[in-house]
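Q:
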Amino acid sequence: MSGFEAKLAEMGVTLPDAPAPAANYVPYVQVGDILYVSGQISANADGFITGKLGADMDTAAGAAAARTCAISLLSQVKAACGGDLDRLLKVVKLVGFVNSTQDYGEQPMVVNGASDFMAEALGETGRHSRSAVSAASLPFGVAVEIEGIFQIK
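Here the working numbering is used: position 67 in the sequence shown is 113, and no number is missing along the way.
Laid out in structure tokens, this is it:
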């Protein structure tokens, strides 16, 4: 078990198999040592985590949904690294899209669910730049979608 995966296990997290793309795109693209991971939508063992922040979902639930996106992102990184998550050098940037009402303004706190997870699981490697953006809707009605840029060896 890799060092990062040992930390995840301490946190009670086992990375699932990387989710397959839902449309005509690839889950990640590597250019040199930079890995671009396609948007990962909020989902758990029960299926999609749906809802609209500011309407039928609160910020804490949105942050929990964002955390599931971070787990999926790491699953994609692991797949891109041939199963060796310790090839991850840096989480460079996350871009989070939050399905929210026009007057909802806590998108940064929602995306913190992913950012906090990355920092806890990966330490300094997980600290990253970020954007948190409101979206009028997201695929399948999910609450959150997050894409990422990573440096790998």
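Even for Gly, the Cβ is constructed at its ideal location relative to N, Cα and C.
1) Any contact of the stretch 169-183 with the stretch 80-94, i.e. 3+ C-beta pairs under 8 Å?
2) How long is the line joining the alpha carbons of glycine 129 and alanine 189, rounded to whole angstroms?
3) For cysteine 127 and leucine 134, which I take to be in contact (beta-carbon distance under 8 Å), what is that distance rounded to the nearest angstrom?
4) May I ask which residues mark the beginning and end of the beta strand (DSSP E) holding serine 175?
5) Please report the residue range of the alpha helix (DSSP H) in which isoleucine 117 lies.
6) With serine 84 as the anchor, note down where its beta strand (DSSP E) starts and where it stops.
7) Among the residues of its own chain, which have a CB less than 7 Å from the CB of lysine 98, if the five just before and after it don't count?
8) CB glutamine 197 to CB valine 138, shorter than 7 Å?
A: Reading off the structure:
1) No contact exists between the stretch 169-183 and the stretch 80-94.
2) 29 Å
3) Contact between cysteine 127 and leucine 134 is confirmed by a C-beta separation of about 7 Å, below the 8 Å threshold.
4) 175-181
5) 105-126
6) 80-87
7) Asn145, Ser146, Thr147
8) Yes; because the gap between Cβ atoms is below 7 Å, this pair is in contact.
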